[in-house]
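Here is the structure we will look at, set down as structure tokens.
Numbering (full-length UniProt numbering), first residue to last: 1 to 202.
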């Protein structure tokens, strides 16, 4: 064998070994994923501190937008419970689970970003148009953490955008209304056509 061929083989050996190792790692990873052994930490979007307070959700505007209900003052005798727009988002993992099963999984987090009613006139006509961001609220379903709460849901209101965490609100503040009036599992899907369209069979 010529010296040139020997040099070529020596140079190729690390590349061949590297390729074999990468292939083996990929096969192992695929097998783990197929067997459910590979855990994706990104499926958890609701995070709590040691005191049980919900941490301010991150990047929720990149989640799945499901609707923006509004109950303006001039349609509610000037004193509605929620005079602002609610821009509502559900975490991506729970959205995928909803589309597959038609149920809200353990760990579901839904975020409401409160926005003021701004102008009522636009080039497109008269209506209700969003103004400024006001704050954030959220609800989380967790059968272990909130085992004693109706349907395992707890509701949180953050004290401004600089707030790092929020404690669960009393059930009579939010849960009672949701339990009595929400179309499905404490969620007002009757007001969210995106959820209705994503449900299996729709």
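C-beta atoms are modelled at their ideal positions from N, C-alpha and C, and glycine is treated no differently.
Here the structure is a predicted model, which is why all the values come from computation and not from measurement.
Asked                                                                                                                                                                               : Found
In angstroms with no decimal places, state the Cα-to-Cα distance between residue 151 and residue 110.                                                                               : 15 angstroms
DSSP three-state label for residue 127, please.                                                                                                                                     : coil
Contact defined as beta carbons within less than 8 angstroms: I believe residue 83 pairs with residue 138. What is the distance between those atoms, to the nearest angstrom?       : That belief does not hold up - the Cβ atoms of residue 83 and residue 138 are roughly 19 angstroms apart, past 8 angstroms.
If you check the beta carbons only, do residue 141 and residue 104 fall under 7 angstroms apart?                                                                                    : yes
Ends of the alpha helix (DSSP H) at residue 187?                                                                                                                                    : Counting along the chain, residue 187 falls outside any alpha helix (DSSP H), and DSSP gives it neither H nor E.
Exposed or buried, what is residue 50 when buried is set at 16 or more other beta-carbons lying within 10 Å of its beta-carbon?                                                     : exposed
Around the Cβ of residue 173, are there at least 16 other Cβ atoms within 10 angstroms (buried) or fewer (exposed)?                                                                 : exposed
If I follow the unbroken beta strand (DSSP E) through residue 157, where does it start and stop?                                                                                    : 153 to 157
State yes or no: is the C-beta of residue 153 within less than 7 angstroms of the C-beta of residue 186?                                                                            : yes
Count the other C-beta atoms from every protein chain shown that fall within 10 angstroms of the C-beta of residue 164, then say buried if there are 16 or more, exposed otherwise. : exposed
Going by alpha carbons, who is nearest to residue 156 out of 176, 43, 53 and 191?                                                                                                   : 53
Taking 6 angstroms as the limit between beta carbons, can you name the residues of its chain near residue 134, skipping five residues before and five after?                        : 84, 114 and 116
Would you identify the three-state DSSP class for residue 166, choosing helix, strand or coil?                                                                                      : strand
Check residue 214 in the structure and name its three-state DSSP category.                                                                                                          : With the chain represented from 1 up to 202, any question about residue 214 goes unanswered, as that position is not in the structure.
Where residue 86 and residue 43 are concerned, what is the direct C-alpha to C-alpha distance, given to the nearest angstrom?                                                       : 24 angstroms
First and last residue of the beta strand (DSSP E) that includes residue 198?                                                                                                       : From DSSP, residue 198 is part of no beta strand (DSSP E) but of the alpha helix (DSSP H) over 193 to 198.
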